[in-house]
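Quick notes on the structure that follows.
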Amino acid sequence: MSTIKELKEITKQKKELADRQKEIRAKLEESKEDRKTARKNQAEARKKVREAKASLREITAKVYEIFSEGSSDQIRELADNLEIVSGGLVSTMREFAKAAEALEDL
Numbered sequence: 104m105s106t107i108k109e110l111k112e113i114t115k116q117k118k119e120l121a122d123r124q125k126e127i128r129a130k131l132e133e134s135k136e137d138r139k140t141a142r143k144n145q146a147e148a149r150k151k152v153r154e155a156k157a158s159l160r161e162i163t164a165k166v167y168e169i170f171s172e173g174s175s176d177q178i179r180e181l182a183d184n185l186e187i188v189s190g191g192l193v194s195t196m197r198e199f200a201k202a203a204e205a206l207e208d209l
């Protein structure tokens, strides 16, 4: 291949790449709000997870004390609280996964 033909081929490829880059940028611009919403949902989920983990730590810290000194009603109440907090944590984790999936799809 002569140098001139090679240069023309490279120029053609550069133009095709520039066109492809424009298409990708336009697609990213279209999905900008969706990505922003997904990142916001992830941030909210992270905050909820931190709060749920703190509540979970507080509840689990009481387990040995209540098992040692508490009544059956106190143990049931602790179990109920633990179930509520852990269920909330699981649902928040699922929200985060959904937001992460939305970002992966964009």
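When we follow my numbering, the leftmost residue of the sequence shown carries the number 104, and every step to the right adds one.
Even for Gly, the Cβ is constructed at its ideal location relative to N, Cα and C.
As the structure is a prediction and not an experimental result, all values here were calculated from the model.
Need the endpoints of the alpha helix (DSSP H) that residue i sits in, please.
i: Gly191; result: Ser175 to Asp208
i: Ser105; result: That residue, Ser105, is in no alpha helix (DSSP H); it is neither H nor E in DSSP.
Just the C-alpha distance for residue i and residue j, rounded to the nearest angstrom, thanks.
i: Lys151; j: Glu168; result: 27 Å
i: Ala44; j: Arg123; result: One cannot answer for residue 44 here, as it falls past the ends of the chain, which runs 104 to 209.
i: Phe199; j: Gln145; result: 5 Å
i: Lys115; j: Ala121; result: 10 Å
i: Gln177; j: Glu186; result: 14 Å
i: Ser105; j: Lys111; result: 10 Å
i: Arg197; j: Asp137; result: 18 Å
Under a three-way DSSP split, which group does residue i fall into?
i: Ser134; result: coil
i: Lys118; result: helix
i: Lys165; result: coil
Report buried or exposed for residue i, applying the criterion of at least 16 other Cβ atoms within 10 angstroms of its Cβ.
i: Val188; result: buried
i: Ala148; result: buried
i: Thr195; result: buried
i: Ala202; result: buried
i: Ala141; result: buried
i: Ala164; result: exposed
i: Ala155; result: buried
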